[in-house]
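Participant: Protein chains in written order, with our numbering: chain A, -13 to 333; chain B, -13 to 333.
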């Protein structure tokens, strides 16, 4: 714990997170609803997210790396954690000791798991994203013999669009999974949940939407914002007409202007693409970013809020779909890019 | 320490880092040369960077936040660490206890420091970036009385361009600093070093160039690459003509094609803008990224390297100026976006 007060922080709305999961669980109908918490729960902080979703009723957590499973294995039953990147021979003893469950994606991984008598596992089928999973050309009934498969999964490539690939992947999934013995099937990510009951099977596994992202426009009514960045004002000044602001002088004051510099920059995940486009707020007043976003700082036009003084906290407008459009960066990248320098506090 | 082997890592070239600092020190002529190590040394890892630069002879380290000073204060003499974001009243006792030195930027910070009898400090003058520092309208000889100023600094806005703003800031700096008693003056960042002796004063403070970034084209002969990402191959497959790869099926195989999926994605800082554009290498062979970069994964065309098998490490092409051009993301953002999931090892 630092002896110093932070200058940039994320307010995280725990009620919104839980409400988003509950909405997605409702939209998932009779299917159970898991949660993708890989990449440190999309940047929010995996331990806090997992604890909250577990309280809300979530029982299936998906990470990419074993280090990510290890980081949450004291919060939930390790067997509730699925590791998407599979298992390597070098790790198999540590994997079994930890008790989290690999999602097997290749014949080699399956052989490794069988040789280690690993027990319960998950299996990924590739139905068209061609990224991870057993492909159609690798299907062989003997391959799966002796596996104790809990979740039989595949992953959608185009669920954020109304695209024929969705129906194609669905029918491949049904065909490829026929004859494979498994406790549960799972296909839908956040966007896939919106494609209807046919895509839900026994388990859905949303990610982006949990954290306030709009995987599809038709989710807007169901999903609330979770992440609210805040930054400390370090300085205010009165500039004069003709003064320029920031790197490469991209902004010029047309008149006398009150400006403030706040302690947040692209090193904190506030994308440089928001230069001249982002907005902050204070008491309901909009404060435009002027000039370039720097590594650690942004400068704001506070003409409408002359009451702002150094040492105050101000709010960053951070509605993900909107910020994605302004910055040209995907909602996913905006979340996973949230910096480690920000302290995180839950409300 | 995790019990598991990582699947994504950064090889960091310690000799290149030290050589870059030495090159910048040579280019800085008679001036001493510091180092900007804020934002976790631009994502590389501040503790390792500071230890190496200290060994190379660096004696002045610049961070933005007090937590960043705290994180390296056992590696170098705390008085060698300058904290650019200044000092707050709430922190002043902890600041004095730590012994790192604030860069004062506002009359309020100066008053706080005087009231606390903080001793040695640095002072930032704003000569035209209009971001942090005492502005021309705030200049008042009494303001600085009683301050024990070590570094009197300002910051260049357009040093990466041949722009009249550079000469303008230089002349403002000379004019504003006249009559202010200080041990040393400092104006030049990485790019500023290339503007010539007139910009060097007693101390330069490069950042980007230390880490292999090209702040200006004319630095190419002096700066070597430091950061080399590497990723583990999780899977190889043989796709057929008509198969598509990745989210939204942006890549279609025109023929039978060997592909591999590697464990690096935009959560690790490998920008989504490199979809279909980035390249990996293996034994000198170029492996193009096909389809979209995902959060945790990329898929590669390994037609020219059929010897690649799952479990192998492969190299990511990551020459910063080139990757910046391909991805549309600044070199600074590429560095500070390097993910925390990557293990870092120095060679």
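All C-beta atoms in this analysis are idealised placements derived from N, C-alpha and C, irrespective of residue type, glycine included.
Predicted, not measured: the structure shown is a model, and the values here were computed from it.
Does residue 188(A) get closer than 8 Å to chain B when you measure Cβ to Cβ?
Facilitator: Taking Cβ atoms only, chain B never reaches closer than 8 Å to residue 188(A), which makes this a no.
Participant: How many angstroms separate the CA atom of residue 133(A) from the CA atom of residue 93(A)?
Facilitator: Between residue 133(A) and residue 93(A), the C-alpha separation is close to 12 Å.
Participant: With the cut-off set at 8 Å, would you say residue 260(A) and residue 275(A) are in Cβ contact?
Facilitator: Yes, the pair counts as a contact, with Cβ atoms nearer than the cut-off.
Participant: In terms of residues, what are the limits of the beta strand (DSSP E) holding residue 381(B)?
Facilitator: Past the boundaries of the shown model lies residue 381(B); chain B is included only from -13 to 333, so the question cannot be answered.
Participant: Tell me the residue span of the alpha helix (DSSP H) that contains residue 338(B).
Facilitator: Absent from the structure is residue 338(B), since the part of chain B shown begins at -13 and ends at 333.
Participant: Relative to chain B, which residues along the region 305 to 321 of chain A have a C-beta separation below 8 Å, given in chain order?
Facilitator: For the region 305 to 321 of chain A, which is checked against every Cβ of chain B, the residues closer than 8 Å are 314, 315, 316, 318, 319.
Participant: Given a threshold of 16 other Cβ atoms within 10 Å of its Cβ, counted over all protein chains shown, does residue 127(A) qualify as buried or as exposed?
Facilitator: Exposed: under 16 other Cβ atoms inside 10 Å.
Participant: Taking DSSP as the reference, what is the three-state secondary structure of residue 137(B)?
Facilitator: Three-state DSSP puts residue 137(B) in a strand.
Participant: Would you decide whether residue -2(B) is buried or exposed? Buried here means 16 or more other CB atoms lie within 10 Å of its CB.
Facilitator: Buried, because 16 or more other Cβ atoms sit within 10 Å of the Cβ of residue -2(B).
Participant: Within a Cβ cutoff of 6 Å, which residues of the same chain sit near residue -5(B), ignoring the five residues on either side of it in sequence?
Facilitator: Excluding residues within five positions, the ones whose Cβ falls inside 6 Å are 216, 328, 329.
Participant: Give a yes or no on contact between the region 307 to 324 of chain B and the region 190 to 210 of chain B, applying the rule of three or more CB pairs nearer than 8 Å.
Facilitator: Counting Cβ pairs under 8 Å, three or more are found: they touch.
Participant: Using a 10 Å radius around the Cβ and a threshold of 16 neighbouring Cβ atoms, would you call residue 77(B) buried or exposed?
Facilitator: Looking at its Cβ environment, which holds 16 or more other Cβ atoms inside 10 Å, residue 77(B) is buried.
Participant: Between which two residues does the alpha helix (DSSP H) carrying residue 158(A) extend?
Facilitator: From DSSP, the alpha helix (DSSP H) with residue 158(A) extends over 150 to 163.
Participant: To the nearest angstrom, report how far apart residue 95(B) and residue 323(A) are at their CA atoms.
Facilitator: Distance between the alpha carbons of residue 95(B) and residue 323(A) is about 31 Å.
Participant: When DSSP labels each residue in this structure, what does residue 18(A) get in the three-state scheme?
Facilitator: Looking at residue 18(A) - three-state DSSP - the assignment turns out to be strand.
Participant: Pick from 263(B), 258(B), 288(B), 277(B): whose alpha carbon is nearest that of residue 270(B)?
Facilitator: If we check each option's Cα against that of residue 270(B), 288(B) comes out closest.
Participant: For the region 39 to 96 of chain A, list the alpha helix (DSSP H) runs that are entirely contained and at least 4 residues long, ordered along the chain.
Facilitator: Listed in chain order, the complete alpha helix (DSSP H) runs (minimum 4 residues) inside the region 39 to 96 of chain A are 52 to 56, 78 to 84.
Participant: Please classify residue 157(A) as buried or exposed, where buried requires at least 16 neighbouring CB atoms within 10 angstroms.
Facilitator: By the 10 Å Cβ count, residue 157(A) comes out exposed.
Participant: Please name the residue or residues paired with residue 299(B) in a DSSP beta bridge.
Facilitator: The partner list for residue 299(B) (beta bridge, DSSP) reads 218(B).
Participant: Going by C-alpha distance, which of 31(A), 33(A), 37(A), 56(A) is nearest residue -12(B)?
Facilitator: If we check each option's Cα against that of residue -12(B), 56(A) comes out closest.
Participant: Counting only beta-carbon separations shorter than 8 Å, does residue 113(A) have a partner in chain B?
Facilitator: So no, residue 113(A) is outside the interface.
Participant: When you compare the CB of residue 162(A) with every CB in chain B, is at least one pair closer than 8 Å?
Facilitator: Answer no: the Cβ-Cβ gap between residue 162(A) and chain B never drops below 8 Å.
Participant: Around the C-beta of residue 167(A), are 16 or more other C-beta atoms found within 10 angstroms, so that it is buried, or is it exposed?
Facilitator: Label assigned to residue 167(A): exposed.
Participant: Does the Cβ-Cβ distance between residue 349(A) and residue 285(A) come in under 8 Å?
Facilitator: Residue numbering for chain A in the displayed model covers -13 to 333; residue 349(A) lies beyond these limits and cannot be assessed.
Participant: Short of 6 Å in beta carbon distance, which residues of its chain neighbour residue 115(A), apart from the five on each side in sequence? Order them along the chain.
Facilitator: Only 141, 143 meet the Cβ criterion.
Participant: Pick helix, strand or coil for residue 8(A), following the three-state DSSP scheme.
Facilitator: If DSSP states are grouped into helix, strand and coil, residue 8(A) belongs with the helices.
Participant: Looking at chain B, which residues of the region 286 to 303 of chain A have a Cβ within less than 9 Å of any of its Cβ atoms?
Facilitator: Flagged, chain order: 295, 296, 297.
Participant: For the region -9 to 10 of chain B, which residues have a beta carbon sitting closer than 9 Å to at least one beta carbon of chain A?
Facilitator: Per Cβ criterion, the list reads -9, -8, -7, -6.
Participant: Using a Cβ cut-off of 8 Å (strictly closer), state whether residue 143(B) contacts chain A.
Facilitator: It does: the Cβ of residue 143(B) has a partner Cβ on chain A nearer than 8 Å.
Participant: Among 333(A), 273(A), 256(A), 294(A), whose alpha-carbon lies nearest the alpha-carbon of residue 306(A)?
Facilitator: Nearest option by C-alpha distance: 256(A).
Participant: Measure the CB-CB distance between residue 283(B) and residue 247(B) and report whether it falls below 8 Å.
Facilitator: In contact: residue 283(B) and residue 247(B) (Cβ atoms closer than 8 Å).
Participant: When DSSP builds the beta bridges, which residues end up paired with residue 245(B)?
Facilitator: The partner list for residue 245(B) (beta bridge, DSSP) reads 223(B), 287(B).
Participant: May I ask you to report which of helix, strand or coil DSSP gives residue 117(A)?
Facilitator: Residue 117(A) falls in the coil class under three-state DSSP.
Participant: Just checking: is the beta-carbon of residue 224(A) within a distance shorter than 8 Å of some beta-carbon in chain B?
Facilitator: Yes - at least one Cβ of chain B is within 8 Å of the one on residue 224(A).
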